[in-house]
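Heads up: the sequence lines are chains A and B, in that order.
FYI, the numbering for the first sequence is 1 to 395, going by full-length UniProt numbering.
FYI, the numbering for the second sequence is 1 to 395, going by full-length UniProt numbering.
Backbone N, C-alpha and C fix where the C-beta goes; we use that ideal spot for every residue, glycine too.
Below you'll find the structure, written out as structure tokens, and then a few comments.
2 protein chains.
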Amino acid sequence: MISEKMKPLVNNNSAIRAMFEEGKRLASIYGAENVYDFSLGNPNVPAPAAVNQAIKDILDEEDSTFVHGYMSNSGYEDVRATVADSLNRRFGTHFNQDNILMTVGAASGLNIILKTILNPGDEVITFAPYFVEYGSYVRNYDGVLVVVSPDTETFQPNLDEFEQKITPRTKGVIINTPNNPTGVVYSAGTLERMADILRAKEKEYGTAIVLISDEPYRELAYDGVEVPYVTGFYDDTVICYSYSKSLSLPGERIGYLVIPDELQDSKEVFNAATIANRVMGCVNAPSLMQRVIKRCIDEQVNLEAYDKNRNLLYNGLKDLGFVCIKPQGAFYLFVKSPEADEKKFCEACKKHNVLVVPGSSFACPGYVRISYCVSYGQIERSLPAFAKIAAEYGL
Amino acid sequence: MISEKMKPLVNNNSAIRAMFEEGKRLASIYGAENVYDFSLGNPNVPAPAAVNQAIKDILDEEDSTFVHGYMSNSGYEDVRATVADSLNRRFGTHFNQDNILMTVGAASGLNIILKTILNPGDEVITFAPYFVEYGSYVRNYDGVLVVVSPDTETFQPNLDEFEQKITPRTKGVIINTPNNPTGVVYSAGTLERMADILRAKEKEYGTAIVLISDEPYRELAYDGVEVPYVTGFYDDTVICYSYSKSLSLPGERIGYLVIPDELQDSKEVFNAATIANRVMGCVNAPSLMQRVIKRCIDEQVNLEAYDKNRNLLYNGLKDLGFVCIKPQGAFYLFVKSPEADEKKFCEACKKHNVLVVPGSSFACPGYVRISYCVSYGQIERSLPAFAKIAAEYGL
Chain A
1 MISEKMKPLV
11 NNNSAIRAMF
21 EEGKRLASIY
31 GAENVYDFSL
41 GNPNVPAPAA
51 VNQAIKDILD
61 EEDSTFVHGY
71 MSNSGYEDVR
81 ATVADSLNRR
91 FGTHFNQDNI
101 LMTVGAASGL
111 NIILKTILNP
121 GDEVITFAPY
131 FVEYGSYVRN
141 YDGVLVVVSP
151 DTETFQPNLD
161 EFEQKITPRT
171 KGVIINTPNN
181 PTGVVYSAGT
191 LERMADILRA
201 KEKEYGTAIV
211 LISDEPYREL
221 AYDGVEVPYV
231 TGFYDDTVIC
241 YSYSKSLSLP
251 GERIGYLVIP
261 DELQDSKEVF
271 NAATIANRVM
281 GCVNAPSLMQ
291 RVIKRCIDEQ
301 VNLEAYDKNR
311 NLLYNGLKDL
321 GFVCIKPQGA
331 FYLFVKSPEA
341 DEKKFCEACK
351 KHNVLVVPGS
361 SFACPGYVRI
371 SYCVSYGQIE
381 RSLPAFAKIA
391 AEYGL
Chain B
1 MISEKMKPLV
11 NNNSAIRAMF
21 EEGKRLASIY
31 GAENVYDFSL
41 GNPNVPAPAA
51 VNQAIKDILD
61 EEDSTFVHGY
71 MSNSGYEDVR
81 ATVADSLNRR
91 FGTHFNQDNI
101 LMTVGAASGL
111 NIILKTILNP
121 GDEVITFAPY
131 FVEYGSYVRN
141 YDGVLVVVSP
151 DTETFQPNLD
161 EFEQKITPRT
171 KGVIINTPNN
181 PTGVVYSAGT
191 LERMADILRA
201 KEKEYGTAIV
211 LISDEPYREL
221 AYDGVEVPYV
231 TGFYDDTVIC
241 YSYSKSLSLP
251 GERIGYLVIP
261 DELQDSKEVF
271 NAATIANRVM
281 GCVNAPSLMQ
291 RVIKRCIDEQ
301 VNLEAYDKNR
311 NLLYNGLKDL
321 GFVCIKPQGA
331 FYLFVKSPEA
341 DEKKFCEACK
351 KHNVLVVPGS
361 SFACPGYVRI
371 SYCVSYGQIE
381 RSLPAFAKIA
391 AEYGL
């Protein structure tokens, strides 16, 4: 029954599902309190109180057929204008509602733009370590994902290898900053050099290469680090944003695409992306949540909670002898495995009821991802377990 | 910039967009009160009051990270169980939560099941007149839509032609009952014969043919007509449901797939469909609206309002001499054009500020679709305009 294209996805899925089931199994044996599940990226910090208040106010103040009804496939015009204004205020951009397309989260935004631009065989470059679903998204449109190997010193993108991997078939480049799984933020210098390379290659090959910036973690940055706005560096840029993390609404599936005027064929791309949103079956981003975004445009989750987690876990693991760069954003630590085969390390952790994700799931073996979007208490309770693991490895 | 596959969609889109723009243009000249726009299928009856109350109660009673958070890609287990129980109560089925996959509306459900089962070149049969997006959905997965020509006497499916058009490449059949655009409901007898044909062809060719029932209008049936539940007729059935019309929540994008145990490889199909939901970028159906469905499972919009509209418009047009079968469900009339080229008839209507959709948009030229999900007042005010149109055609 299953299509040939879905078969490998079904087979690969079992590894992740197995970890999920293992967590449930361990919790049933040892109690949830005594299982330290760092495997998921599901925010534990609640949405700002203003979100639920906005929902109630909308229901009291706006008409039901408007709030729950169809609108333009690209979203309510006033919501899109509010998003554009907010970006302009914060990043000095000059967008308007015709640059903003409301989407069913960033994952749907990525699919929309890939469907809009990819022909079969077109190449899309990304940088290891990367979110494993990028491969599925690109294959959905018969594209080919080309992976630049990781720079494990800094986890900044390896731009020399990037330059070499651009071909006349390169149609897109996906970046993710702040990064899942490393927490690294790309600097302005990095983006400038990346843009220079892209412009030169567009000129050399006479092609258009779209820089697709996947930004669900944009608002999750610590220590005052700047997360540069990518459209300022390179004209052929499309931003995929999600409120999943900035407002802790991952289940609601609400985000947007930014398609700037500077993008080649911008109006045609916006129009085609709007149609892609419809024919892929989303039709439009969930309506009530769009209305919420208008009222909560300046809201943000409590970042301090994540920052406290980050410092506790980072310092705790470092003191135990683990090796890890300090993340500047998102809510993950990407820790070097004490043995070359990080899957064995994951197994060793599991014996202490500690669940972490192998780096090979992000095309970066030898590392593991530890999500700190968990309770502070879980991190505190887990440190003695990490101490035992460190001792086993003689750290 | 635009992919080859998107280009025809962009070009075809302009006709519908033109009608939308024309409506706005006419309203700005003559006033919205004096433009009779029957072109859209956007419910005008508000959601039941219980929906907004349920939203407020959920926000007060359930935890924020639960209500707005990730859950299984197939949806909250308790919501899926509630949907299964409701179906079992109403239709004598025996589903459980493992047969229900919550989706971003029925359009997304259709895309999910087509992605799950279609290989390039596979054929999907549907019956004219049909919702034009079916073609886009099937082409998304490189399938081929095969159209059975309409029986314009009854608008029941032409089953003789259907039987002839089934080939070894037929992987799916899409039906839509109550039907957009005709309002026709398929009888138990029709479904029985359709199932007999499918079973015989599955046996003859040694293939699996999935009957995909697109049911956004299931609850919109009048005069006590029964809308038979399709899984009872044929094992290889998948139901695509939406609450867009039954609860007037089209903008919220909430619906579900039913994947019965009787379907061949049922468990594998459910698993693959769950993964398809994720990798297409929806990830999961909007979380708050899933919670709403649990609390509003027995709610329904005020059908009387649509029924009143139906009778006023049907009788009004019939008295004027227009030819139309009386719809048993949905909120559309499919009226015979008084001249062979219905596009010219649409133009003639437009001169009286009456906007209707040509049947060729549903692969059924010679007819027009008139949506009666509008205010009763609009229908009342429009009848003198229809009278003038009738007079022009000498009806």
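Extent of the continuous alpha helix (DSSP H) to which residue i belongs
i: B:Tyr376; result: 376-392
i: A:Phe66; result: 64-67
i: B:Ile58; result: 49-61
i: B:Val83; result: 77-91
Extent of the continuous beta strand (DSSP E) to which residue i belongs
i: B:Phe162; result: Careful: B:Phe162 lies outside any beta strand (DSSP E), inside the alpha helix (DSSP H) at 159-165.
i: B:Tyr137; result: Careful: B:Tyr137 lies outside any beta strand (DSSP E), inside the alpha helix (DSSP H) at 133-140.
i: A:Ile174; result: 170-175
i: A:Tyr332; result: 332-336
i: B:Phe127; result: 123-127
i: B:Ile100; result: 100-103
i: A:Ser371; result: 367-371
i: B:Leu145; result: 144-148
Rounded C-alpha distance that separates residue i from residue j
i: B:Ile370; j: B:Arg253; result: 24 Å
i: B:Ser187; j: B:Ser361; result: 25 Å
i: B:Gly23; j: B:Pro157; result: 33 Å
i: B:Lys294; j: B:Asn302; result: 19 Å
i: B:Gly281; j: B:Gln378; result: 39 Å
i: B:Arg199; j: B:Tyr234; result: 8 Å
i: B:Ser3; j: A:Gly172; result: 12 Å
i: A:Lys201; j: B:Phe331; result: 54 Å
i: B:Thr167; j: B:Glu133; result: 23 Å
i: B:Ile212; j: A:Gly105; result: 27 Å
i: B:Gly347; j: B:Glu192; result: A small fix is needed here, since residue 347 of chain B is Glu in this sequence, not Gly. Their backbone Cα atoms lie some 41 Å apart in a straight line.
i: A:Gly143; j: B:Tyr141; result: 14 Å
i: A:Val67; j: A:Ala50; result: 18 Å
i: B:Val79; j: A:Val227; result: 39 Å
i: B:Asn99; j: B:Ile117; result: 17 Å
i: A:Asn309; j: B:Gly69; result: 19 Å
i: A:Ile114; j: A:Ser242; result: The sequence given here has Leu at residue 114 of chain A, not Ile. Each residue's alpha carbon lies about 17 Å from the other.
i: B:Cys364; j: B:Ala128; result: 6 Å
i: A:Phe155; j: B:Arg25; result: 54 Å
i: A:Gln53; j: A:Cys296; result: 10 Å
i: A:Asp221; j: A:Gln328; result: Looking at the sequence shown, residue 221 of chain A is not Asp but Ala. Straight-line Cα distance between these residues: approximately 6 Å.
i: B:Tyr130; j: B:Pro178; result: 12 Å
i: A:Val138; j: A:Ala27; result: 36 Å
Contacts that residue i makes with chain C (C-beta to C-beta distance below 7 Å)
i: A:His352; result: Structure shown: chain C not included; protein chains present are A and B.
| beta strand (DSSP E) runs wholly inside the stretch 179-221 of chain B, at least 3 long, in chain order | 210-214
| task | Identify each residue in the stretch 71-103 of chain A for which the Cβ-Cβ distance to at least one residue of chain B is less than 7 Å, and report them in chain order. | result | Met71
| said: Give me the subset of the stretch 256-269 of chain B whose CB atoms are less than 7 Å from a CB atom of chain A, sorted by chain position. | reply: Gln264, Asp265, Glu268, Val269
| query | Mind pulling the beta strand (DSSP E) runs of 3 or more residues that sit fully within the stretch 233-267 of chain A? | reply | 237-242, 255-258
| request: Take every Cβ of the stretch 253-272 of chain B, pair it with every Cβ of the stretch 90-109 of chain B, and state whether three or more of those distances are shorter than 8 Å. | output: yes
| Inter-stretch contact (C-beta, 8 Å, three-pair minimum) for the stretch 265-277 of chain A and the stretch 133-153 of chain A | no
| query | So, do the stretch 58-67 of chain B and the stretch 67-86 of chain A have three or more beta carbon pairs nearer to each other than 8 Å? | reply | no
| task | Count the CB pairs spanning the stretch 282-293 of chain A and the stretch 43-63 of chain A that are closer than 8 Å, and state whether there are at least three. | result | yes
| Would you call the stretch 377-392 of chain B and the stretch 309-328 of chain B touching, i.e. three or more CB-CB distances under 8 Å? | yes
| query | In chain order, which alpha helix (DSSP H) runs of at least 4 residues are fully inside the stretch 276-349 of chain B? | reply | 287-295, 303-319
| query | If contact means a Cβ-Cβ distance below 8 Å, which residues of the stretch 124-155 of chain A contact chain B? | reply | Glu133, Ser136, Tyr137, Asn140, Tyr141
| message | Using 8 Å as the cut-off, can you tell me whether the stretch 206-221 of chain B makes contact with the stretch 172-185 of chain B, which would need three or more C-beta pairs spanning the two stretches below that distance? | response | yes
| field | Contact residues within the stretch 319-351 of chain B, judged by C-beta distance below 7 Å to chain A | value | none
| query | What residues from the stretch 242-254 of chain B come within 7 Å of chain A, judged by C-beta to C-beta, listed N to C? | reply | Ser248, Leu249, Pro250, Gly251, Glu252, Arg253
| Within 7 Å of chain B by C-beta, residues of the stretch 52-70 of chain A in sequence order | Asn52, Ile55, Lys56, Leu59, Ser64, Thr65, His68, Gly69, Tyr70
| task | Please name the residues in the stretch 16-30 of chain B whose beta-carbon is closer than 8 Å to at least one beta-carbon of chain A, in chain order. | result | none
| task | Note down, in chain order, all residues in the stretch 1-14 of chain A with a beta-carbon under 7 Å from any beta-carbon belonging to chain B. | result | Met1, Ile2, Ser3, Glu4, Met6, Leu9, Val10, Asn13
| Relative to chain A, which residues along the stretch 155-176 of chain B have a C-beta separation below 8 Å, given in chain order? | none
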